[in-house]
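One structure is given here, and the rest of the page talks about it.
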Amino acid sequence: MNDFNLSSNGHLAIEAKDLSCYYGDFRAVKNVDLDIKQHAITALIGPSGCGKSTVLRAFNRMNDLIPVAHAEGEILFHGANIYAEGVDPVEIRRRIGMVFQKPNPFPKSIYDNVAWGAKINGFKGSKQEMDQLVEESLRDAAIWDEVKDKLDQSGLSLSGGQQQRLCIARTIAVKPEIILMDEPASALDPISTLRIEELIQELKKNYTIVIVTHNMQQAARASDFTAFFNMDNDRAGYLVEYNVTQTIFTSPAKELTDQYITGRFG
Amino acid sequence: MIDNEYIQKKVEQDFADYYPAGDEMQSQISGRRTRGKLFFWVFLVATMVAIIALLTLLVTIINQSFGLVAEQVVIPEETLVTDFNKTRVTSAANIIESSEDDESLAAGIEVDPNGVGFFGYAFYAENQDKLKALSIDGVAPTEGNVFGGEYPGTRPLYIYSAAEIIEEKPQVAAFLAYYLENLKIVSDVGYFAADEEALDQQQAAILEALGVEELPHINPADFEGDISVSGSSTVFPVTVAMAEKFKTDGFKGEIFVESTGTGGGFNAFCKGTEGIDIVDASREVDTIEFEACRAAGLNVNEYLIGQDAVVAAVSAVNDFADDISRDQLELLFTDSVNWSDVDDTWPAQSINRFIPTAESGTMDFFVRSIFDEQTLANLPYYALVNIYSSNVTVGRCRAIERERRFYLDQLVCDNPEAFAAACAGDNPPSGCTEETWTHAELERMITAEVVQPKILASWYLFPSLFERQEIALEAATKYPNAELKFKSWLSMDFITSPQSSQPEIAGVRTAILGSLWVVFISILVAFPLGVAAALYLEEYADPRKRFNQVIQTNINNLAGVPSIIYGMLGLAVFVRFLEPITSGAAFGYVEAGATANGRTILSAGMTLGLLGLPIVIIAAQEAIKAVPPSLREASMGLGATKWQTIWNHVLPNAIPGILTGTILTMSRVIGETAPLVVVGASTFITTDPTSPFSKFTTLPAQIYQWTTRPQDTFRNIAGAAIIALLVMLLALNALAIYLRNRFSKRFA
Numbered sequence: 141m142n143d144f145n146l147s148s149n150g151h152l153a154i155e156a157k158d159l160s161c162y163y164g165d166f167r168a169v170k171n172v173d174l175d176i177k178q179h180a181i182t183a184l185i186g187p188s189g190c191g192k193s194t195v196l197r198a199f200n201r202m203n204d205l206i207p208v209a210h211a212e213g214e215i216l217f218h219g220a221n222i223y224a225e226g227v228d229p230v231e232i233r234r235r236i237g238m239v240f241q242k243p244n245p246f247p248k249s250i251y252d253n254v255a256w257g258a259k260i261n262g263f264k265g266s267k268q269e270m271d272q273l274v275e276e277s278l279r280d281a282a283i284w285d286e287v288k289d290k291l292d293q294s295g296l297s298l299s300g301g302q303q304q305r306l307c308i309a310r311t312i313a314v315k316p317e318i319i320l321m322d323e324p325a326s327a328l329d330p331i332s333t334l335r336i337e338e339l340i341q342e343l344k345k346n347y348t349i350v351i352v353t354h355n356m357q358q359a360a361r362a363s364d365f366t367a368f369f370n371m372d373n374d375r376a377g378y379l380v381e382y383n384v385t386q387t388i389f390t391s392p393a394k395e396l397t398d399q400y401i402t403g404r405f406g
Numbered sequence: 005m006i007d008n009e010y011i012q013k014k015v016e017q018d019f020a021d022y023y024p025a026g027d028e029m030q031s032q033i034s035g036r037r038t039r040g041k042l043f044f045w046v047f048l049v050a051t052m053v054a055i056i057a058l059l060t061l062l063v064t065i066i067n068q069s070f071g072l073v074a075e076q077v078v079i080p081e082e083t084l085v086t087d088f089n090k091t092r093v094t095s096a097a098n099i100i101e102s103s104e105d106d107e108s109l110a111a112g113i114e115v116d117p118n119g120v121g122f123f124g125y126a127f128y129a130e131n132q133d134k135l136k137a138l139s140i141d142g143v144a145p146t147e148g149n150v151f152g153g154e155y156p157g158t159r160p161l162y163i164y165s166a167a168e169i170i171e172e173k174p175q176v177a178a179f180l181a182y183y184l185e186n187l188k189i190v191s192d193v194g195y196f197a198a199d200e201e202a203l204d205q206q207q208a209a210i211l212e213a214l215g216v217e218e219l220p221h222i223n224p225a226d227f228e229g230d231i232s233v234s235g236s237s238t239v240f241p242v243t244v245a246m247a248e249k250f251k252t253d254g255f256k257g258e259i260f261v262e263s264t265g266t267g268g269g270f271n272a273f274c275k276g277t278e279g280i281d282i283v284d285a286s287r288e289v290d291t292i293e294f295e296a297c298r299a300a301g302l303n304v305n306e307y308l309i310g311q312d313a314v315v316a317a318v319s320a321v322n323d324f325a326d327d328i329s330r331d332q333l334e335l336l337f338t339d340s341v342n343w344s345d346v347d348d349t350w351p352a353q354s355i356n357r358f359i360p361t362a363e364s365g366t367m368d369f370f371v372r373s374i375f376d377e378q379t380l381a382n383l384p385y386y387a388l389v390n391i392y393s394s395n396v397t398v399g400r401c402r403a404i405e406r407e408r409r410f411y412l413d414q415l416v417c418d419n420p421e422a423f424a425a426a427c428a429g430d431n432p433p434s435g436c437t438e439e440t441w442t443h444a445e446l447e448r449m450i451t452a453e454v455v456q457p458k459i460l461a462s463w464y465l466f467p468s469l470f471e472r473q474e475i476a477l478e479a480a481t482k483y484p485n486a487e488l489k490f491k492s493w494l495s496m497d498f499i500t501s502p503q504s505s506q507p508e509i510a511g512v513r514t515a516i517l518g519s520l521w522v523v524f525i526s527i528l529v530a531f532p533l534g535v536a537a538a539l540y541l542e543e544y545a546d547p548r549k550r551f552n553q554v555i556q557t558n559i560n561n562l563a564g565v566p567s568i569i570y571g572m573l574g575l576a577v578f579v580r581f582l583e584p585i586t587s588g589a590a591f592g593y594v595e596a597g598a599t600a601n602g603r604t605i606l607s608a609g610m611t612l613g614l615l616g617l618p619i620v621i622i623a624a625q626e627a628i629k630a631v632p633p634s635l636r637e638a639s640m641g642l643g644a645t646k647w648q649t650i651w652n653h654v655l656p657n658a659i660p661g662i663l664t665g666t667i668l669t670m671s672r673v674i675g676e677t678a679p680l681v682v683v684g685a686s687t688f689i690t691t692d693p694t695s696p697f698s699k700f701t702t703l704p705a706q707i708y709q710w711t712t713r714p715q716d717t718f719r720n721i722a723g724a725a726i727i728a729l730l731v732m733l734l735a736l737n738a739l740a741i742y743l744r745n746r747f748s749k750r751f752a
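Residue numbers (this note's numbering), protein chains in the order written: chain A, 141 to 406; chain B, 5 to 752.
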C-alpha cells in the first residue's frame, strides 16, 4: 500500500472534474474533483447521505436509470468526458462494471448468470470457450469450487455471500476495465465479508476498483486510496479529503476527517 | 460535537414514567388486543357473508338444474317400435290368412302341416286336439309356467270403461260389477282368472265410481237397456260367456259383443260417439288412446280380469316343429320363407302363416313379448328411416334429406329430378355431398320430432327430494298420463346438442363453441395490445409529461366503463364500419347460407378484446412495476441495452402477473352478455360456428335468452347452462393457471 501516493504519475482510470449531481432540482453532490488511479483500490467513505454512492454511480452513468437525475461537470474516462453528447451509456457500463449493495443474481442458472453478460455483449467464442470463460470468471471470483457441481441450479439458491461472489464473477466475465462496488459486503456476515475483501485484493491485479463502504475498518484494511465525503449544510455532499489510505487514517489533514474516523460523528 | 446541554435535558426528563406500568400496562395491552379481536370478528363475518352468498348462488343453480319432471310423449317410443315390428309380421311372405277370427285361422292351420300362427291361450286350450303349441326355449305354455312367469308370452287381460258411462248407464255399472263377481268364467273359458286381491281393488274402484259405500247384490233382472262391448278377440269369448250368463239371470236388455282387436275397440270407444260402453283389451291402454278418450270427455277406468299367454301353434299333424328359441320365433314370423330358413333340421317347405290383423291385441302382445327389438336403438337403420319419414310431413322430410340424405343411392322423400336439379344449381344443398345421417342422429331426430317428449311440469331439486309424496300426488291428478321421473337437466346430451325451441331437447353446444371462439379472439386482441401498451407506459413514457398522465388516467377509467358502451362501440366500428373485414367479405369468404353481415365472432371477439384491454394493461403495468429495480440495475450494469433488459428480465419476471391479469380478463369476457347483445349475438342459432366470420351466440347470451322465456322448463335449462358456464370458466382458468405456473417455474 505504501507504493502509492497521490502525486505519483500513475495512470489515471477516471478523473472527475467539478462534478455535481442532481436529482431534479436537488443537488446531491457538489464540485467533486477526484482522480482514480489505475490498478488500485479506491475507497469512498463518509456518513449516510453524503453522496458517495451517487458519485460512484456517476462513474458508469448508472444514475441515468433515474429519470430525474443529471450530472454537471466532467468525468474523464481515457481522457474523454463520459457525459459528453453522443456517448453511449451502454458502452460506458460495458467497460465500467458494477457490483451492487444487495446481491442481485438473475433468476437464472448459475451458468447463465455468468454467461448472459457475455452473450449480450457479443462474445465470439465457441460453446467450449464460453464454458471456459464461465469457469475462469467463477474461479477469479473464488466461488468455482462451491458451484462447479451445480452450474444448472438457480443463482438464487446460493447463500448471500456466494450470491455476491457470483455477481462479481458475472461482472468480470465481460472483462471491464474498472469495477465499481457499492457497499458489496454490507448485507453479508463477517466471514463472507472477509472473503469478499480477500477477493477484492486478488482482483486488484487486473482491475481498477472503486469501492463505497460504510465500514472504516474495511476501508483501512482493503484500500490503497481513501476519499472522505461529508454532507454540507445545504445537504449536498462534497469531497472533504482524498489521500493515501494510511495518511487518512493516521494523520488526516482536516479535523472533520479525524472526527469521523475516530467515530465521533457519522 | 457532543451536545452536553441536550444530554443534561435528557437526564432531567425521563419519559419512561410516561408509560403505564404493572397492572395498568397489562390492561392497556389487553385493551389493544380486544380492539384487534373485534376486527378479527368483522373480517370473519365478512368472509362468512361472502361464502354464504356464493353457496346460495350455487345452491340456487343446482336447485334449478335437477329435479322431478312430469314427462309425456306424443307417440311412445315403444309404440313406434311395436308398429314397426307388426309391419314386419304382417308383410312377411306367404300369409295365407290374416283375420280377427281365431276359429278361421285355426281351421286353416289344422289341415296344413306347414301352417303356423299364434293365439290366446284360451283358444289354444279349446283346440288342443287339433293344434300343437311350440315350447319356447324349452318352456311349454302350461299353467305352472305361465303363473311362474317362466313362459315369455304372458299378458294381463282387461276390460275398460269410463266413469262417465258408468254414472250415466246403470246397466253398464251392473254388468261390470257382475263381471267381477263372476270371474270364474275366465277360467272356464281357458284363461287364468285374476286373484282375490286384485279383485278387491277392482271392486273398490267400482264403488268409488258409483259413489256408494257397499256394492249392492246385483240382480240382472233389475236392469234394462242395451250394453255395447267391443275390442280384443282374446277377451271376446269371456265377455260373450259373461253376457249369456247375465241374460240368463234375467237381464232385460241386449248385450252386443264385437271382436275388433284391442286397438279397434279403443278407437271406437274413445270417439265417444259410437255408443261403445266397454272395451275388451288384451293390453293396457296406451298414452294416445288415453288422451283421445280424455279429449272426448271420458276418464278411462281399468279392470284387470285375468292373465293370458300367447301361444305359437302349428297343426297337430306337423311332425317336425316342437321347440323353438325366441330368436327363431321372431324369424319364423318375419323374414323367413321356408321352415329350413329357421332351423336346418326342418324341411324346405314354405311357411304358411295364419296371423291376426295389425289391429289385434294379440299381435301387439306377440311382438312386444317375443321380439328383441324393443327400443329405437335396437332397430336397423332402414327401420328408423321408415319411422321418421312416415311420421313427419313430406316437406320436413324433404328438407332433412336436402341437408343430408338417408341413403346415398336412393331418395326417400324427395323427387329425384328435383333433387338433381337442386344439386346442379348455383347453391347446392349440403345433402348433395355430405355423408348420410347416422343411426344415432336419426334416433335423436325421431325422439325430437316424433316421440316429442313434452315436459308438462317440472319441480326444483329440494321439493323433489323432500316433498316427493305431494309431488307424486299432484302429478297423478293433474297429469295422469305423464311419467314422473327424476331429470338432470345438465347431461351429456345437453352439452352436445344444439339450441332448440323445445327445452326438452335444447342444448348448449352452439353456445359453448361460440363462447370459446369469442374468448379466444378477445384474448388474441387484448393480450398483445395490453402488454405492449403496459410496456410503453412503464418503460418508455415519461410520467412527468402531461400527455402520458392523461393516457394513464384514461386507461384507469376505461376499466370501469359500463360494458354496454363497448357494445355500442363494437356495433359502430366493427359491425358497421369495418363490415367488409369482420364479415370476411374482404377476404373473399362467404358464409354458407345466410350472411352474418358484420355480426360475427370476429366483431364480438374484438369488442370484448377492447373491453378486456384496460384490465390487461393495468395488471401488466403492476406486474412490470413489481419487477425489482435491482434486476434492471444488474442487467444494465453488465452493459445490456434497455430492450435486452426488458426482454430478458423484466418481461419474464412480470409474466406471471400479466397472465393473472389475463385470466381475470378471460373470466370477465366469458361472462359478458350486454355488449354481445348489442353487437348482435344471435338469439336463436343451431349451426356451429366454423370460422371467425360465423354467426354466433355465447353461453351467457343463451342463458339470458332462456331466462326471458315464459315457460318454466327454460328456467331449468338456464340453470344447467349456468353450471356448464361455471365449469367452462373453471376449466379455462385452471388451464391458464397451469400455464402460468409452468412459465413461472422456468424463471424461478
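Every residue, glycine too, gets a C-beta built ideally from N, C-alpha and C.
Check                                                                                                                                                                                      : Outcome
What are the boundary residues of the alpha helix (DSSP H) that H354 (chain A) is part of?                                                                                                 : Per DSSP, H354 (chain A) belongs to no alpha helix (DSSP H) and is neither H nor E.
Measure from the C-beta of E264 (chain A) to each C-beta in chain B and report whether the shortest distance is under 9 Å.                                                                 : Reading off the sequence, residue 264 (chain A) comes out as Lys, not Glu. Judged by the 9 Å Cβ criterion, K264 (chain A) is not in contact with chain B.
Under the DSSP definition of a beta bridge, which residues are partnered with E212 (chain A)?                                                                                              : A:S160
Tell me, please, whether the CB atom of C307 (chain A) is closer than 9 Å to any CB atom in chain B?                                                                                       : yes
With N118 (chain B) and W343 (chain B) assumed to form a contact (beta carbons below 8 Å), what rounded beta-carbon distance in angstroms separates them?                                  : 7 Å
Please check if any C-beta of chain A sits within less than 9 Å of the C-beta of L663 (chain B).                                                                                           : no
What are the residues that DSSP puts in a beta bridge with T366 (chain A)?                                                                                                                 : A:A183, A:N383
On the DSSP letters alone, give me the boundaries of the alpha helix (DSSP H) that S340 (chain B) sits inside.                                                                             : Looking at the DSSP string, S340 (chain B) is not in any alpha helix (DSSP H), and its letter there is neither H nor E.
Note down, in chain order, every chain A residue with its Cβ under 7 Å from the Cβ of Q648 (chain B).                                                                                      : I260
Mind pulling the chain A residues with CB within less than 9 Å of L539 (chain B)?                                                                                                          : Correct list: empty, because the minimum Cβ distance to chain A is about 16 Å.
Can you check whether the CB of F405 (chain A) is closer than 9 Å to the CB of I185 (chain A)?                                                                                             : no
Measuring only between beta-carbons, confirm whether G257 (chain A) sits less than 9 Å from chain B.                                                                                       : yes
CA-CA distance, Y593 (chain B) and E583 (chain B)?                                                                                                                                         : 12 Å
Pick helix, strand or coil for T366 (chain B), following the three-state DSSP scheme.                                                                                                      : helix
Nearest-angstrom Cα distance between K345 (chain A) and G295 (chain A)?                                                                                                                    : 27 Å
Assuming S519 (chain B) is part of the beta strand (DSSP E), what are its boundary residues?                                                                                               : Per DSSP, S519 (chain B) belongs to no beta strand (DSSP E); it is in the alpha helix (DSSP H), 513 to 539.
Relative to the alpha-carbon of F524 (chain B), which residue among B:A476, B:A644, B:L446, B:L606 has its alpha-carbon at the smallest distance?                                          : B:L606
Could you check how far apart the C-beta atoms of A309 (chain A) and A258 (chain A) are, in whole angstroms? I think they sit under 8 Å.                                                   : Between A258 (chain A) and A309 (chain A) the Cβ distance is about 11 Å, and since that is not below 8 Å, they are no contact.
Do we get a CB-CB distance below 9 Å when we pair L642 (chain B) with the residues of chain A?                                                                                             : yes
Could you list the residues in the segment 8 to 28 of chain B with a C-beta less than 9 Å from some C-beta on chain A, going in chain order?                                               : none
Please report the distance separating the alpha-carbon of D398 (chain A) from that of L379 (chain A).                                                                                      : 14 Å
When the cut-off is 9 Å and only beta carbons count, does K242 (chain A) lie next to chain B?                                                                                              : yes
Under 8 Å, with one C-beta from each stretch per pair, do the segment 527 to 544 of chain B and the segment 465 to 478 of chain B reach the 3-pair mark?                                   : no
By a C-beta neighbour count over all protein chains shown, 10 Å radius and 16 as the cutoff for buried, is V341 (chain B) buried or exposed?                                               : exposed
Would the beta-carbon of A317 (chain B) fall within 9 Å of that of L138 (chain B)?                                                                                                         : yes
Could you list which residues in chain A have their beta carbon closer than 7 Å to that of L655 (chain B), in chain order?                                                                 : Those do not exist, as L655 (chain B) stays about 12 Å from chain A at its closest Cβ, beyond 7 Å.
According to the neighbour-count rule (16 or more other Cβ atoms, all chains shown, within 10 Å of its Cβ), is R548 (chain B) buried or exposed?                                           : exposed
Could one say the Cβ of N652 (chain B) lies closer than 9 Å to chain A's Cβ atoms, at least one of them?                                                                                   : yes
Among A:H218, A:L291, A:Y162, which one has its Cα closest to the Cα of E212 (chain A)?                                                                                                    : A:Y162
Please confirm if P187 (chain A) has its CB atom under 9 Å from at least one CB of chain B.                                                                                                : no
Which of the three DSSP states is assigned to Y223 (chain A) in this structure?                                                                                                            : coil
What are the uninterrupted segments assigned as alpha helix (DSSP H) that are 4 or more residues long and contained completely in the segment 695 to 725 of chain B, given in chain order? : 703 to 711
According to the neighbour-count rule (16 or more other Cβ atoms, all chains shown, within 10 Å of its Cβ), is S266 (chain A) buried or exposed?                                           : exposed
Indicate whether the contact test is met: 3 or more Cβ pairs, each with one atom in the segment 351 to 369 of chain B and one in the segment 261 to 277 of chain B, closer than 8 Å.       : yes
Alpha carbon to alpha carbon, what distance is there between V239 (chain B) and P351 (chain B)?                                                                                            : 36 Å
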